[in-house]
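Peer 1: In our numbering, the protein residues as written are 6 to 449.
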Ligand code: GDP
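Encoded structure:
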């Protein structure tokens with residue numbers, strides 16, 4: 006899988022990682038090669054553009070960590086952006102509804118829809134201990150209903166008894182009724198495919214959707230069809246609305262274009278991937294693992310992560326020492342906010358500074374999110390060094406100037422200063438309470 010791309014990227018980054026110093030030209034040249042490699046792998050142009058721009062911006066704004074060379078840093082940035090392009094998180098199937106939970110399977114003929122329906126049934130049965138009912142709504146292909154029944158039989162999953170002459174919407178209603186009466190947890194509705202998208206197909210699928218109100222509408226696409234798969238997904242999403250994508254034949258997909266473009270172009274997550282013809286050849290789609298496989302640079306990525314961790318720890322230690330001395334100023338608050346951001350949220354930050362439970366609560370109440378952090382950072386950056394060191398001098402006219410500089414209201418500035426004062430007060434109290442060095446626990 007993705008062999009072609011892995012080889013190309015491997016060559017580009019092997020050269021980069023061996024270099025001691027990198028100029029902006031070196032990075033630009035490498036990114037030009039990455040761009041070509043992605044296009045040759047059949048990745049959609051908008052996705053390629055967003056990717057390369059994102060990496061470039063990040064590369065310019067990132068300081069190289071101690072103990073890491075610039076090439077390694079760039080590889081880490083590329084890796085992180087690949088993960089993002091692939092969707093960042095694992096998206097599991099949503100089964101949150103009163104059973105029987107309807108799952109609608111959509112896709113063109115030959116995409117692997119029927120096989121995938123059976124694979125999902127097996128997965129839910131074995132992993133989630135769900136009672137699953139398979140129903141084929143394909144009345145066009147004479148053997149389709151029979152195919153699903155046999156697959157069910159082979160895998161020990163129940164399938165809806167076939168009644169000749171019934172229409173798709175009727176079959177779907179019956180499947181849900183049987184699901185209710187016989188206590189099934191999940192009903193998988195395998196719709197009919199077509200060779201290409203046509204209006205009749207869409208109308209039929211929409212009627213089934215409206216009759217069953219599926220919790221998941223999964224589009225099955227063949228990864229080996231490249232950008233056609235992305236076009237099909239865009240179409241289905243616009244006309245029917247999909248909740249996720251299952252990409253089949255990833256096992257034979259050397260290029261990877263569809264997998265890499267899908268999320269960016271359609272905005273929908275790839276939830277599962279088919280890795281073979283057997284009914285157990287279905288895996289969750291892990292963006293980080295896939296990115297790791299594509300890039301083939303796992304050692305560099307973990308090296309950079311370790312370096313970042315140790316530096317964060319040093320910073321946290323420095324801050325903790327300062328707090329013990331009782332001198333917490335706005336400069337410290339800024340560095341703390343930056344750490345929070347770097348660590349991707351409060352959880353990580355507080356792990357580094359044990360004993361800060363109360364502040365954690367406070368910050369949680371203050372509803373910290375990215376935008377608020379952006380604004381707060383802008384406010385502190387609009388202050389002079391002196392103001393940051395001695396917040397007491399922040400009178401009304403200084404606050405007005407800072408608000409203007411940061412593009413916020415004076416009330417925003419006041420709120421930040423109040424928050425600073427609260428934190429500072431809390432730290433003093435903690436210091437009095439915990440002379441034994443509350444903050445030092447776990448930091449050594
Ligand atoms: P449908 O017309 O969309 O229902 O397609 P089918 O489920 O009948 O699948 C068509 C063919 O693709 C069958 O031969 C399947 O065994 C094969 N197939 C399905 N998924 C995968 C996969 O993930 N990998 C591989 N290699 N073959 C698959």
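Every residue, glycine too, gets a C-beta built ideally from N, C-alpha and C.
1) Leaving out five residues on either side along the sequence, give the residues of the same chain with a beta carbon under 8 Å from the beta carbon of residue 254.
2) In terms of residues, what are the limits of the beta strand (DSSP E) holding residue 193?
3) Can you tell me whether residue 371 is helix, strand or coil according to DSSP?
4) State the start and end residues of the unbroken beta strand (DSSP E) segment that holds residue 516.
5) Taking 9 Å as the threshold (C-beta atoms), are residue 155 and residue 168 in contact?
6) For residue 128, which residues of its own chain have a beta-carbon under 7 Å away from its beta-carbon, when the five flanking residues on both sides are left out?
7) Excluding the 5 residues flanking residue 43 on each side, which residues of the same chain have their C-beta closer than 6 Å to its C-beta?
8) Between which two residues does the beta strand (DSSP E) harbouring residue 226 extend?
9) Would you say residue 461 touches the ligand GDP, meaning its beta carbon is less than 8 Å from a heavy atom?
10) Curious, which full-length beta strand (DSSP E) runs of at least 3 residues does the segment 126-196 contain?
11) Is DSSP giving residue 19 helix, strand or coil here?
12) Suppose the cutoff is 6 Å on Cβ atoms and the five residues either side in sequence are ignored; what does the same chain contact list for residue 357 look like?
13) Let me make sure I understand the geometry here. Which of 414, 376, 337 and 402 has the alpha-carbon closest to that of residue 426?
14) Decide if residue 218 is buried, meaning its Cβ has at least 16 other Cβ atoms within 10 Å, or exposed.
15) So the candidates are 297, 189 and 220; which of them puts its Cα closest to the Cα of residue 7?
16) Where do the N-terminal and C-terminal ends of the alpha helix (DSSP H) with residue 239 fall, by residue?
17) In this structure, does DSSP put residue 464 in helix, strand or coil?
18) Measuring straight from C-alpha to C-alpha, what distance separates residue 384 and residue 15?
19) Based on Cα-Cα distance, which residue from 333, 376 and 343 lies nearest to residue 432?
20) Between the Cα of residue 46 and those of 82, 339 and 260, spot the shortest distance and give me the residue it belongs to.
21) What span of residues does the alpha helix (DSSP H) with residue 251 cover, start to end?
22) Grouping DSSP H, G and I as helix and E and B as strand, with all else coil, what is residue 311?
23) Please name the residue, chosen from 380, 429 and 148, that lies closest to residue 414 on a Cα-to-Cα basis.
24) Given residue 240, which residues of its chain have a CB within under 7 Å of its CB, disregarding the five upstream and five downstream residues?
25) Looking at residue 251: is its Cβ nearer than 9 Å to the Cβ of residue 160?
26) Which residues in the same chain have their Cβ closer than 6 Å to the Cβ of residue 157, if we skip the five residues on either side of it in sequence?
27) My guess is that residue 91 and residue 225 are in contact by the Cβ rule of under 8 Å, so how many angstroms apart are they, rounded?
28) Compute the beta-carbon to beta-carbon distance between residue 75 and residue 27, rounded to the nearest angstrom, for a pair I have assumed lies under 8 Å.
29) Between the Cα of residue 97 and the Cα atoms of 248, 399 and 173, which residue gives the shortest distance?
30) Around the Cβ of residue 273, are there at least 16 other Cβ atoms within 10 angstroms (buried) or fewer (exposed)?
31) Tell me the rounded alpha-carbon separation between residue 29 and residue 21.
32) Quick one, are the C-beta atoms of residue 399 and residue 339 less than 9 Å apart?
33) Which one of 269, 77 and 37 has the shortest CA to CA distance from residue 24?
34) Am I right that residue 108 and residue 193 are in contact with their C-beta atoms under 8 Å? What's the rounded C-beta distance?
35) Applying the criterion that 16 or more other CB atoms from any shown protein chain within 10 Å of the CB defines a buried residue, is residue 150 buried or exposed?
36) When the cut-off is 9 Å and only beta carbons count, does residue 128 lie next to chain B?
Peer 2: If we stick to the structure as given:
1) 117, 227, 228, 229 and 279
2) 191-195
3) Legend: pLDDT at residue 371 = 49, less than 50; position of this residue unreliable, value from coordinates given subsequently. In this structure, residue 371 counts as coil in the three-state DSSP scheme.
4) Since the first and last residues shown for the chain are 6 and 449, residue 516 lies out of range.
5) no
6) 287
7) 53
8) 221-227
9) Nothing can be reported for residue 461: it is not among the residues displayed for the chain, which extend from 6 to 449.
10) 137-141 and 191-195
11) helix
12) Reliability of the predicted coordinates at residue 357 is poor, the pLDDT of 41 falling under 50, and no value is obtained from them.
13) 337
14) exposed
15) 297
16) 232-244
17) Because the chain here runs from 6 to 449, residue 464 falls outside it and cannot be looked at.
18) 43 Å
19) 333
20) 260
21) Run containing residue 251: none in the alpha helix (DSSP H); it sits in the beta strand (DSSP E), 249-253.
22) helix
23) 380
24) 202
25) no
26) 139 and 164
27) Wrong, their Cβ atoms sit about 18 Å apart, outside the cutoff.
28) 4 Å
29) 248
30) buried
31) 12 Å
32) no
33) 77
34) 5 Å
35) buried
36) In the structure shown, chain B does not exist; there is a single protein chain.
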